[in-house]
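2 protein chains.
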Amino acid sequence: MHPAALGLRRALRPRVLRPDHIRRYSSQQPGSSIAQLLQWSPPAEVENVVVNGFVRSVRSMKSRRFVSLGDGSSLAALQALVGADKAEGLAVGAAVRLTGSWVASPGAGQSHELHVSKVEVLGPSDAKTYPIQKKYQSPEYLRTMPHLRPRTPVNAALLRLRSDAIASLTHFFANRAFTQTHPPIITSSDCEGAGEVFTVTPASETPDSVLKDGEFFRAKKYLTVSTQLHLEALSQAVGNVWTLSPAFRAEKSDTSRHLSEFYMLEAEMAFADDLSIVMDLTEDMLRSLSTSLFGSAVVQELLSRPYNADSGFAPPDEVKRRWEGLMQTSWPRITYTEAIALLEEKADLFKLKPSWGAGLQSEHEKYIAEHVGGGKPVFVTNYPRDMKAFYMRENPKPTSPGSDTNSPPGPTVECFDLLVPELCEIAGGSMREHRLEPLLEAMKRHEIISQQDPDAALEGGLDWYLDLRRWGSPPHGGFGLGFDRLLCYLSGVQTIRDIVAFPRWVGRCDC
Amino acid sequence: MHPAALGLRRALRPRVLRPDHIRRYSSQQPGSSIAQLLQWSPPAEVENVVVNGFVRSVRSMKSRRFVSLGDGSSLAALQALVGADKAEGLAVGAAVRLTGSWVASPGAGQSHELHVSKVEVLGPSDAKTYPIQKKYQSPEYLRTMPHLRPRTPVNAALLRLRSDAIASLTHFFANRAFTQTHPPIITSSDCEGAGEVFTVTPASETPDSVLKDGEFFRAKKYLTVSTQLHLEALSQAVGNVWTLSPAFRAEKSDTSRHLSEFYMLEAEMAFADDLSIVMDLTEDMLRSLSTSLFGSAVVQELLSRPYNADSGFAPPDEVKRRWEGLMQTSWPRITYTEAIALLEEKADLFKLKPSWGAGLQSEHEKYIAEHVGGGKPVFVTNYPRDMKAFYMRENPKPTSPGSDTNSPPGPTVECFDLLVPELCEIAGGSMREHRLEPLLEAMKRHEIISQQDPDAALEGGLDWYLDLRRWGSPPHGGFGLGFDRLLCYLSGVQTIRDIVAFPRWVGRCDC
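These protein sequence lines map, in sequence, to chains Z and X. 1 is the number of the first residue of the first sequence in my numbering; add one for each residue after it. 512 is the number of the first residue of the second sequence in my numbering; add one for each residue after it.
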């Protein structure tokens, strides 16, 4: 039986658990959740306990059946004993309602078990054809049926982890008076200028009208790749804002880290004077999230189950170290220039030599996460300007560039990547260029607007974003975090396709 | 000065407000929020109070300037007195940081005011060209600049209302152990069969590949119109689920009620035996939301401000009655058949005669909301089968159809529309057909699958949805609610284009 208090769900647990107190939603929705029943050790037998769930397995013993029942509320199953005369329809996968007595169990597996007096088969199942089986099924196989995959206990647990994480983050930001916002999904512009976007067209328009750049919105429209630019507009209205919003990239890379559709957590702060404020927020948020969730039922279940190397999960010990790292205080902060210096000292370790002005390779990030962080996440700040997006604020030029190892040899921007062991980059943020002229210069340098005729290139483009700088643009900054990647990190799931219920990537969009 | 406790934000308010306790986010992000300062009446003058905000107006009086400062945290502005020698750059729209003494005010407007010793203009503004002015600007005009519109005090308040509503709903569902989920945005099928969907194509694909039904995902893909079908799959894994997710319709109707992109709140309950459970949930949720938000700062601000008939808002008294209705218990529930009988008694009142089997017209819904509800929302249940979506569960046939007024003359489904005064339908729900054979029959009747060759028509379509019924499908039901429409109802905003920060509708997708 799994350990652990109910954590986030503790509010549900009354001091004395009685059958009429452990209902799921209302007095009309019958049945107790299995997670709650498994924690319930009444001193004497209790009759008329009702439980709903799905049959995970059935074992025949003489005149009785041992039914293992799950309802997604716990990894552990409830053990129910059913007389053979009542067992019709108790097939693997069936949705059933069982009524019986909750009695102390002689077995070692759990403290109590249900002695069933009444079986109702509410949704029958043909066990022979049911694609979900109790035996090991590979992540690749389960991925072929996203509509059924959540029924496996561990995938149900991952749904609960996501839910608990959203609730915890909502609480964190509400407590700090951040305004949660809904920036648009259909947008006019590609924030990063990366070009790998999806276009949006009404199905009723013919391909001809697609050629005319889409008629429905009078211009070509895209699915958002980041809500940042819109968040900046909203932060100039209400100060501190955040969102947990879908984002999309039409990337053709077929990797364990990329999806075409994913959730991004983004926050933006107005009147934030420097990057340390943004890093403080990122750090506080992740520490608050991990601290509030670590003791929860779902996290303790995920960390304490037996490990199977083929399961698509990182080893629980490793995942536990991730949580411990996130819960620590005072995460190290080093500049990119310092990081390069550190890496150059160990240049022999790397296939690709570290070099100022080039990106940090995965092997470099791993080294820094491990050796600088020592288990804690590490902020790497002030990357070279020309590697980063146009909207990042440039650092003041050092008085004598390149004169010592701490002084960067070229222009840098006020930004950070947050690196964690194994996964590497988990979040990124920056100060935004809040002054009109330097922003225009950066957009010309990035060829987002034309050197010759800036006004022409902005028609229908980013003119509104420049407007934000024309009137009342205080220093501001923010960060973005791939929410699904974070959940992978927290759960140990090794490919992002297994943390999203209905994943979409190149060539795959089932259901 | 606005009344009201800080409501949801109360957690932020320490027992004794001191400048170092009323910071916004951390000790590094300087400044107090104006909402909190306006509630702060220290017995003696307090020095070194720092506040950030945007200049709403400047009034010159002899050697001083009276600056009205807003930061989006309250409708009311903070009054600051600045010596003329320090007033440079204090232009309407500018982002500034003011430091000064918080002293009792001689004026009637507010208890205290800021006597400014230091002005920092962090984001200058050219007041002459700034498009947002303190004087009245029509909703239509403001809609032409969604990136600046949130800076008006009332639009900032609407952002806060949305945020508080999301936090309250998240709390409601977490407390009831509903799992918050992220169903997919890019989908294979059109849930309602309405056909007004957007297609999604990578920008890099040529129109040729569009003709080949899209290559990126190997088949044509759409933006979701409802997450219900996917929620049903998830509810078979973890029981009770919900989501607040974007949804899209390529509707060409140019009305005050329709957007191309909007947020839907949807919930689904497994092992829910009948519709009353789903109605209980809908009612409990809306009552909890309205009860928790009614006393909040933002709602009290919206209800107590002076009314301007041209503002695009319903009169505050009317809006207050809406809140009072939602906070009442035991909302009436009548069947569609009973509603038609009621309407037929008053047939003279209506332009379109009520008739069993035809939809309820807006005038009919209004009559029912007003006369049956008496201020409370009204559930109208059991609509004729052929008016509703294929997935709704059919009611058992009455033993003697049509024999009395309560007995429907034709087949009905277990569904409801929730009607509220003025706005009419605000939510809808149903039991879902959980049995395979009746669902197949309904899909044939709705021509979603072919009578002749059901298997062929399901290729790449709704075969996965039928799978849910093949293995372990218990009775289940749920509801959907247009979140933006709900916010219109709660705020009094009369067109949905003014409740969404960056609204998208036919012909319009700015920024």
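Quick reminder that beta carbons are idealized off the backbone N, C-alpha and C, glycines included.
Taking a Cβ-Cβ cut-off of 8 Å, the neighbours of Ile677/X in chain Z comprise Thr170, Gln180, given in sequence order. Taking a Cβ-Cβ threshold of 9 Å, the residues of chain X close to His434/Z are Ala606, Leu633, Gly634, in chain order.
Sequence-distant partners of Lys899/X (beyond 5 residues in either direction) whose C-beta falls short of 7 Å from its own C-beta, in its chain, are Val924, Cys926. Taking 8 Å as the threshold, the shortest C-beta distance from Ala761/X to chain Z falls below it.
Counting only Cβ-Cβ distances below 8 Å, Ala667/X has contacts in chain Z at Ala237, Val238, in chain order.
Ranked by Cα distance from Ile845/X, the options Thr892/X, Thr802/X, Met954/X, Leu860/X are led by Thr892/X. Under the Cβ distance rule, Cys488/Z does not count among the residues neighbouring chain X, no pair being separated by less than 8 Å. Taking a beta-carbon distance threshold of 8 Å, Thr201/Z counts as an interface residue toward chain X.
Proximity of the region 632-640 of chain X to the region 597-605 of chain X meets the contact definition, three or more beta-carbon pairs being nearer than 8 Å.
With respect to the C-alpha of Glu855/X, the residue from Ile879/X, Arg832/X, Trp834/X having the closest C-alpha is Ile879/X. Under the rule that a run must span 4 or more residues, the alpha helix (DSSP H) segments found entirely inside the region 622-708 of chain X read 650-654, 664-686. Spanning the alpha carbons of Ala858/X and Ala852/X requires a straight line of approximately 10 Å. Judged by their CB atoms, Gly477/Z and Arg435/Z are not nearer to each other than the 8 Å cut-off. Residue state for Arg816/X is assigned as coil, using DSSP reduced to three classes. In the DSSP annotation of this structure, the continuous segment of the alpha helix (DSSP H) that includes Glu345/Z starts and ends at 336-345. Within the region 454-503 of chain Z, the runs of alpha helix (DSSP H) that reach at least 4 residues and sit entirely inside it are, in chain order, 454-458, 463-470, 483-491.
Taking Glu835/X as the centre and dropping the five residues before and after it, the same chain places the C-beta of Gly886 closer than 8 Å to its C-beta, in chain order. Against chain Z, a Cβ distance below 8 Å from Pro949/X picks out nothing, because the smallest value is about 13 Å. Using a Cβ-Cβ cut-off of 8 Å, Pro695/X counts as an interface residue toward chain Z, since at least one Cβ of chain Z sits closer than that to its own. Setting aside the 5 residues that flank it on each side, Val810/X is surrounded in the same chain by Leu804, each with a C-beta closer than 6 Å to its C-beta; the list follows chain order. For Glu441/Z, the uninterrupted alpha helix (DSSP H) run begins and ends at 436-445, by DSSP.
As the crow flies, the alpha-carbon of Leu462/Z is around 15 Å from that of Met392/Z. Chain Z places no beta carbon closer than 8 Å to that of His875/X, leaving this residue out of the contacts. Taking each of Pro146/Z, Thr99/Z, Met327/Z, Lys86/Z in turn and checking the Cα distance to Trp975/X, the smallest one comes out for Pro146/Z.
When C-beta distances to chain Z are compared with 8 Å, the residues of the region 1005-1020 of chain X below that value are Val1011, Ala1012, Phe1013, Arg1015, Val1017, Gly1018, Arg1019, Cys1020, in chain order.
For Lys221/Z, the chain X residues whose Cβ falls inside 7 Å of its Cβ are Cys1020, in order along the chain. For Asn563/X and Gly581/X, the gap between their C-alpha atoms comes out near 8 Å. Leu814/X is positioned such that its CB atom lies closer than 8 Å to that of Val830/X. Interface with chain Z (8 Å Cβ-Cβ cutoff): Tyr652/X is excluded.
Relative to the Cα of Ser579/X, the nearest Cα in the group Ala591/X, Met572/X, Ser571/X belongs to Ala591/X.
For Leu659/X, the neighbours in chain Z by C-beta distance under 7 Å run, in chain order, Asp467. Only exposed fits Thr291/Z, as fewer than 16 other CB atoms lie within 10 angstroms of its CB. Per DSSP, Ala267/Z is one residue of the beta strand (DSSP E) stretching across 261-270. For Val225/Z, the nearest beta carbon of chain X is not closer than 8 Å to its own beta carbon.
Around the beta carbon of Ala358/Z, fewer than 16 other beta carbons lie within 10 angstroms, which makes this residue exposed. By the rule that beta-carbons nearer than 8 Å mark a contact, Arg257/Z does not touch chain X.
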